[in-house]
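Peer 1:
In my numbering, the protein residues as written are 171 to 991.
#1: Among the residues of its own chain, which have a CB less than 6 Å from the CB of residue 976, if the five just before and after it don't count?
#2: In its own chain, which residues sit with a C-beta less than 6 Å from the C-beta of residue 942, not counting the 5 before and 5 after it?
#3: Please state whether DSSP places residue 650 in a helix, a strand or coil.
#4: Could you tell me the boundaries of the beta strand (DSSP E) in which residue 115 lies?
#5: Would you tell me roughly how many angstroms separate the C-alpha atoms of residue 310 and residue 393, rounded to the nearest one?
#6: Between 974, 973 and 922, which lies nearest to residue 963 when the distance is taken from Cα to Cα?
#7: Does the beta-carbon distance from residue 730 to residue 635 come in below 9 Å?
#8: Helix, strand or coil: which one does DSSP assign to residue 365?
#9: Which whole-angstrom value describes the C-beta separation of residue 645 and residue 381, a residue pair presumed to lie in contact below a C-beta threshold of 8 Å?
#10: Could you tell me which of 642, 198 and 218 sits nearest to residue 230, measuring between CA atoms?
#11: Along the chain, where does the beta strand (DSSP E) that runs through residue 705 open and close?
#12: Three or more C-beta pairs closer than 8 Å, one from the segment 779-790 and one from the segment 752-764: is that the case here?
#13: Under a three-way DSSP split, which group does residue 298 fall into?
#14: For residue 894, count neighbouring C-beta atoms within 10 Å of its own C-beta (all shown protein chains included) and say buried if the count is 16 or more, exposed if not.
#15: Quick one: give me the first and last residue of the alpha helix (DSSP H) that residue 576 is part of.
#16: Got a sec, what are the start and stop residues for the beta strand (DSSP E) residue 375 sits in?
#17: Rounding to the nearest angstrom, what Cα-Cα distance links residue 391 and residue 876 in this structure?
#18: With a threshold of 16 other CB atoms inside 10 Å of the CB of residue 461, please say whether the residue is buried or exposed.
#19: Count the other CB atoms within 10 Å of the CB of residue 561; is the residue buried (16 or more) or exposed (fewer)?
#20: Could you please give me the residues that DSSP links to residue 853 through a beta bridge?
#21: Let me confirm a value: residue 898 is counted as buried when at least 16 other C-beta atoms fall within 10 Å, else exposed. Which label applies?
#22: Residue 427: buried (16+ other C-beta within 10 angstroms of its C-beta) or exposed?
#23: Could you pull out every residue in the same chain whose Cβ sits closer than 7 Å to the Cβ of residue 563, ignoring the five residues on either side in sequence?
#24: Given this structure, state the Cα-to-Cα distance separating residue 797 from residue 740, to the nearest angstrom.
#25: Pull the bridge partners of residue 702 from the DSSP assignment, please.
#26: Measure from the alpha carbon of residue 957 to the alpha carbon of each residue in 649, 933 and 843, then state which is nearest.
#27: Are residue 268 and residue 633 touching if we call contact CB-CB under 9 Å?
#28: By Cβ distance, which residues of its chain are closer than 7 Å to residue 619, with the 5 residues on each side in sequence left out?
#29: Thinking C-alpha only, which one of 764, 737 and 736 is nearest residue 748?
#30: With DSSP as the reference, identify every bridge partner of residue 976, one or two as the case may be.
#31: Could you have a look at residue 950 and say whether DSSP puts it in helix, strand or coil?
#32: Below 8 Å, how does it come out for the segment 526-537 and the segment 489-508: are there three or more Cβ pairs, yes or no?
#33: In angstroms with no decimal places, state the Cα-to-Cα distance between residue 254 and residue 224.
#34: Inspect the beta-carbon positions of residue 712 and residue 871 and report whether they are closer than 9 Å.
#35: Residue range of the alpha helix (DSSP H) that residue 338 falls in?
#36: Using the Cβ count rule (16 or more neighbours within 10 Å means buried), how would you classify residue 929?
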């Protein structure tokens with residue numbers, strides 16, 4: 171509805187029931203302050219059309235609009251681009267109509283095909299040199315697109331920049347899927363270590379990450395109920411070749427998340443009895459989780475069943491149950507830590523965790539069986555289709571990519587196998603529109619090919635697939651498919667690939683062998699991508715890389731702790747008093763009022779009788795007010811000719827961009843010019859009698875953050891932070907941290923080292939007794955001590971010392987290891 175800029179009233183005219191449902195849904199979303207991406211775009215469009223002051227002001231400084239992947243733009247996005255361009259000097263779009271493969275979800279290819287008609291003064295610059303693929307691949311792909319799409323595509327004739335050997339282009343047909351998969355596995359094994367010269371002249375040997383197996387669908391079932399990717403990953407497994415499967419499909423179609431969902435559902439109606447729990451354990455849980463412990467599973471069900479179904483009585487405080495903790499308890503009992511699951515399964519379970527995080531972001535907590543039932547409804551009716559596992563690490567692992575073509579768009583590989591190419595499969599049968607919105611309301615989109623899958627759409631998908639290849643391309647299919655009742659016919663797409671270099675005789679023993687150069691030492695291609703990250707994520711890696719992997723790569727969220735958000739509320743209050751009282755410190759009473767007015771905890775409900783029966787919320791609110799009042803009383807000089815500001819920043823380091831917000835205390839002279847700057851990191855912590863010697867404060871982490879923010883102050887705002895400190899708000903202590911050049915350089919070197927290891931996919935467990943005890947993911951981690959894949963270590967950090975000097979210590983991934991640490 172929002173993508174097509176339709177209103178419920180328009181829909182009601184065609185379908186009263188659907189129109190009424192959408193109108194009530196829209197009203198409920200507005201009431202609950204809920205917004206999704208399509209509605210977000212629509213609201214901006216409506217604001218610009220209505221010339222709302224806020225929208226007009228937001229675009230006031232706009233000069234240039236640049237749109238990438240323009241061929242994938244839908245109706246609401248095109249309208250947004252048009253309205254933005256009304257306020258800009260230029261509009262620049264980049265796209266390739268031959269790679270318009272998202273029509274099925276509403277992208278309108280006519281946007282790019284007719285761009286010059288809507289903007290008659292536009293200049294068109296065609297990029298006709300392909301720097302990726304060989305001449306054979308480029309010319310065969312261009313010929314195919316021209317024959318299939320004809321006048322429905324923008325005319326172009328691409329050429330390859332250069333041809334390099336070795337290269338090969340095969341179009342092959344096999345008797346069975348097993349034969350096809352065996353060829354793919356054997357060819358990969360043969361080509362591993364093949365000498366490969368990069369465009370810059372670097373020579374290396376191919377590794378598993380240089381190979382991709384692409385297909386139109388990975389998750390659909392064959393006639394024998396196996397998935398379409400099954401034969402290929404089995405071929406890789408039997409040859410000992412690592413692979414990364416990006417299967418797509420619905421989350422709850424896969425064994426582990428489906429079993430966890432069944433466990434959640436068993437708690438719906440009542441506290442399940444022993445027979446029910448044992449039945450689920452035997453039928454699903456122990457099958458999906460081989461290391462599951464029946465006794466511990468029973469305990470989890472008994473504990474959570476009792477709490478979820480506890481009777482609600484007048485005067486009894488509301489429960490605060492958090493589904494994320496249920497997930498962690500359940501995964502611990504199911505033996506996830508000992509199971510040795512690969513990245514695919516862990517990413518699926520991490521996606522389940524993300525779903526619960528989204529639910530918890532809307533609801534304060536689960537306070538009984540009714541709210542728990544709403545969670546289950548959300549899981550069953552929305553989450554299964556609305557969430558998709560993304561198992562792409564910061565850099566691709568050194569493994570063969572097995573993926574759908576859609577998932578591989580934008581990527582490139584030295585060797586590509588486009589498999590499962592048969593008539594009836596690729597291209598498949600036309601899929602007509604079957605959406606809920608009445609067809610007459612989206613007729614223009616349907617006329618343009620949107621919301622359906624037709625022959626041109628599939629041709630563009632095939633073109634996209636074969637142009638992922640750099641020098642080795644194999645297009646393969648099978649006569650007999652698994653469980654098939656009759657043989658397939660040759661795909662017309664495969665038959666249309668013609669070029670003198672195309673070989674269809676690779677399976678013929680009498681065919682001349684391909685002359686290959688001597689092998690080279692396998693070495694992964696240098697990754698030039700930049701990792702967008704935050705200090706918090708980098709800190710997690712330098713504490714324990716495996717915790718980073720569970721959190722950032724797989725997507726697990728921690729259970730919500732008691733008084734979650736308290737520190738953020740106090741920090742916000744400190745910032746607010748500086749904003750309100752710029753020239754002199756407020757009184758403690760004024761500061762207390764600011765803190766109380768601003769205080770909010772999402773996951774703790776206020777007491778219904780806060781005066782006579784204050785609860786956890788009220789006690790936390792009082793504590794926040796006390797902390798802020800104490801701060802302004804003890805550090806009133808912070809307000810004299812100084813201003814505390816929180817500035818966002820992005821600091822580029824070697825292979826990453828670190829984003830965050832710096833607390834700066836700026837000192838001004840009489841002419842209101844900045845005299846100097848101090849980085850102050852406000853922490854809702856207690857230092858104790860000797861804060862520098864307090865092991866619970868982890869000074870290596872606190873110092874690293876201040877030093878990195880000092881670098882950010884210089885690089886982003888040109889403010890040289892002469893001093894840095896950590897301010898411990900709970901007992902009002904401020905500890906200076908070294909921010910001299912050597913200290914900041916050591917901090918940045920640590921970040922560079924961590925980013926390099928992240929980009930290389932190096933996530934060892936670095937367990938210690940104390941560290942693991944406070945880890946958010948202790949319940950799902952094996953807690954081992956593993957080595958990094960490199961012998962290179964980061965430098966020691968510069969820490970404050972009790973004598974006013976410095977101490978030197980490595981990050982806790984090195985300084986805290988083993989059961990006694």
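Glycine included, C-beta positions come from ideal geometry on N, C-alpha and C.
Peer 2: Reading off the structure:
#1: Start at 1 with the first residue of the chain shown, and residue 976 comes out as number 806. Cβ neighbours of residue 976 beyond the five flanking positions: 908 and 968.
#2: Position 772 of the chain shown, counted from the first residue, corresponds to residue 942. These residues qualify, in order along the chain: 948 and 953.
#3: The residue labelled residue 650 in the question sits at position 480 within the chain shown. Correct three-state label for residue 650: strand.
#4: Given that the chain is displayed from residue 171 to residue 991, the structure contains no residue 115 and the question cannot be resolved.
#5: By 1-based counting over the chain shown, the position of residue 310 is 140. By 1-based counting over the chain shown, the position of residue 393 is 223. Cα to Cα, the separation comes out at about 32 Å.
#6: Stepping through the chain shown from its first residue, residue 963 is reached at position 793. Comparing Cα positions, the closest option is 922.
#7: Walking along the chain shown from the start, residue 730 turns up at place 560. Walking along the chain shown from the start, residue 635 turns up at place 465. No, these two residues do not count as a Cβ contact at 9 Å.
#8: Here residue 365 refers to the residue found at position 195 of the chain shown. Residue 365 sits in a strand when the DSSP states are folded into three classes.
#9: Residue mapping note: residue 645 aligns to position 475 of the chain shown, counting from 1. Residue mapping note: residue 381 aligns to position 211 of the chain shown, counting from 1. Not quite, the Cβ-Cβ distance comes to about 15 Å (not below 8 Å), so this is no contact.
#10: Mapped onto the chain shown, residue 230 falls at position 60. Closest by alpha carbon: 218.
#11: Start at 1 with the first residue of the chain shown, and residue 705 comes out as number 535. Not the beta strand (DSSP E): residue 705 falls in the alpha helix (DSSP H), residues 705-713.
#12: Contact between the segment 779-790 and the segment 752-764 is absent: fewer than three C-beta pairs spanning the two stretches fall below 8 Å.
#13: The count along the chain shown starts at 1 and reaches residue 298 at position 128. If DSSP states are grouped into helix, strand and coil, residue 298 belongs with coil.
#14: Numbered from its first residue, the chain shown carries residue 894 at position 724. Residue 894 is buried by the Cβ-count criterion.
#15: Taking the first residue of the chain shown as position 1, residue 576 is located at position 406. It spans 575-578 - the alpha helix (DSSP H) in which residue 576 sits, taken as one unbroken run.
#16: Within the chain shown, the letter at position 205 stands for residue 375. Per DSSP, residue 375 belongs to the beta strand (DSSP E) from 373-375.
#17: Locating residue 391 in the chain shown gives position 221, where the first residue counts as 1. Locating residue 876 in the chain shown gives position 706, where the first residue counts as 1. Separation of residue 391 and residue 876 (C-alpha to C-alpha, rounded to the nearest whole angstrom) is 54 Å.
#18: By one-based count along the chain shown, residue 461 stands at place 291. For residue 461, the number of other beta carbons within 10 angstroms of its own is below 16, and it is reported as exposed.
#19: Here residue 561 is taken as the residue at index 391 of the chain shown, counted from 1. Any reading at residue 561 is ruled out, since the residue's pLDDT is 48, under 50, leaving its predicted position unreliable.
#20: Residue 853 sits at position 683 when you count from the first residue of the chain shown. Under DSSP, residue 853 shares a beta bridge with 898.
#21: Counting from 1 along the chain shown, the entry for residue 898 is found at position 728. Under this definition residue 898 is a buried residue.
#22: Residue numbering aside, residue 427 sits at position 257 when the chain shown is read from its first letter. Classification of residue 427: buried, given that the 10 Å Cβ count is 16 or more.
#23: For the purposes of this step, residue 563 is taken as residue 393 along the chain shown, with counting starting at 1. In this prediction, residue 563 has a pLDDT of 42, which is less than 50 and means its spatial position is unreliable; what the coordinates show is noted afterwards. A distance below 7 Å between beta-carbons, with the five flanking residues on each side excluded, links residue 563 to the following residues of its chain, in chain order: 723 and 931.
#24: In the chain shown, the residue the question calls residue 797 occupies position 627. In the chain shown, the residue the question calls residue 740 occupies position 570. Spanning the two alpha carbons is a distance of roughly 8 Å.
#25: Residue numbering aside, residue 702 sits at position 532 when the chain shown is read from its first letter. Per DSSP, the beta-bridge partners of residue 702 are 827.
#26: Along the chain shown, read from residue 1 onward, the residue named residue 957 stands at position 787. For the residues 649, 933 and 843, the minimum Cα distance to residue 957 belongs to 933.
#27: Counted from its first residue, the chain shown places residue 268 at position 98. Counted from its first residue, the chain shown places residue 633 at position 463. Cβ atoms of residue 268 and residue 633: closer than 9 Å.
#28: Mapped onto the chain shown, residue 619 falls at position 449. The beta carbon of residue 619 is closer than 7 Å to those of 273, 279, 626 and 627 in its chain, skipping five residues each way along the sequence.
#29: Here residue 748 refers to the residue found at position 578 when the chain shown is read from its first residue. Minimum Cα-Cα distance from residue 748 among the listed residues 764, 737 and 736 corresponds to 764.
#30: Residue 976 sits at position 806 when you count from the first residue of the chain shown. DSSP, once it has assigned bridges, lists 970 as partnering residue 976.
#31: The count along the chain shown starts at 1 and reaches residue 950 at position 780. It is helical.
#32: They touch, by the three-pair rule.
#33: Here residue 254 refers to the residue found at position 84 when the chain shown is read from its first residue. Here residue 224 refers to the residue found at position 54 when the chain shown is read from its first residue. One C-alpha to the other measures close to 14 Å.
#34: As a first step, residue 712 must be located in the chain shown, where it is residue number 542. As a first step, residue 871 must be located in the chain shown, where it is residue number 701. It is a contact, given that the beta carbons lie within the stated cut-off.
#35: Taking the first residue of the chain shown as 1, we reach residue 338 at position 168. No alpha helix (DSSP H) holds residue 338; the beta strand (DSSP E) holding it covers 338-346.
#36: Indexing the chain shown from 1 puts residue 929 at position 759. Counting the other Cβ atoms within 10 Å of the Cβ of residue 929 gives 16 or more, which makes it buried.
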